[in-house]
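Quick note on the numbering used here: the sequence shown kicks off at 13 and runs consecutively. Ideal Cβ placement from N, Cα and C applies to all residues, glycine included.
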Amino acid sequence: MSGQIDPRQSAAGRRGMESRWAAHREARLAAGLPATVREEQGRKPDRFSDPDVEAVWLERADAADVIPEGSTSTQRRRIAFRYAQAVTAQTSQRAAQKLTTPPTSTEERLAYYEAEIVRLTAAERVARRHADEHQRQREQAEAIVADIVFREGRA
13 MSGQIDPRQS AAGRRGMESR WAAHREARLA AGLPATVREE QGRKPDRFSD PDVEAVWLER
73 ADAADVIPEG STSTQRRRIA FRYAQAVTAQ TSQRAAQKLT TPPTSTEERL AYYEAEIVRL
133 TAAERVARRH ADEHQRQREQ AEAIVADIVF REGRA
């Protein structure tokens, strides 16, 4: 983890922010609102709740060489969390198959990249659907503009 912020230090910063905003959070709850705007908007909470667990998975993801060089701390945390999810799912599958040996580092990397393929394929599907809708709306707007221009004789 050379040159990276220690996860425990980041967690301490997050705890400090939480304590600074505690009164605001309490006022929102008293008013019948969600505790934070993040909760109101439905954003995902922090990936790891324990900084020690986060540090272990960051080290394991680094050791597996799945974190690209130059990634930000947030990107590193997200990748480490996805790596942890993939390895944990693989470990559960191995337990269900009655395999007692732990997965090798190669098997862990394969599990991570297979999970990434599934995640990115789903994201691509959503992006294509959005792009198709944007194209439809753009064509509709172009048709309206053409209709206005020709109706008013500006052509």
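Beta-carbon gap between E120 and V99 smaller than 7 Å: Taking the first residue of the sequence shown as position 1, residue 120 is located at position 108. Taking the first residue of the sequence shown as position 1, residue 99 is located at position 87. Yes, they are a contact pair.
Range covered by the alpha helix (DSSP H) that runs through D64: Along the sequence shown, read from residue 1 onward, the residue named residue 64 stands at position 52. Element bounds for D64: P63 to A75.
Residue ranges of each alpha helix (DSSP H) within the region 19–46, 4 or longer: 19–32 and 34–42
Helix, strand or coil at L132 [DSSP, three-state]: Position 120 of the sequence shown, counting from 1, holds the residue named residue 132. Helix.
Proximity of R40 and A34 at Cβ, strictly below 7 Å: Against the sequence shown, residue 40 aligns to sequence position 28. Against the sequence shown, residue 34 aligns to sequence position 22. No. Outside cutoff.
Delimiting residues of the alpha helix (DSSP H) encompassing R88: As a first step, residue 88 is located in the sequence shown; it is residue number 76 there, counting from the start. Per DSSP, R88 belongs to the alpha helix (DSSP H) from S85 to A108.
Assigned secondary structure, F60 (DSSP; H/G/I helix, E/B strand, else coil): Position 48 of the sequence shown, counting from 1, holds the residue named residue 60. If DSSP states are grouped into helix, strand and coil, F60 belongs with coil.
Contact set for I129: own chain, Cβ-Cβ below 8 Å, skip 5 residues either direction: Here the question's residue 129 lines up with position 117 in the sequence shown. None.
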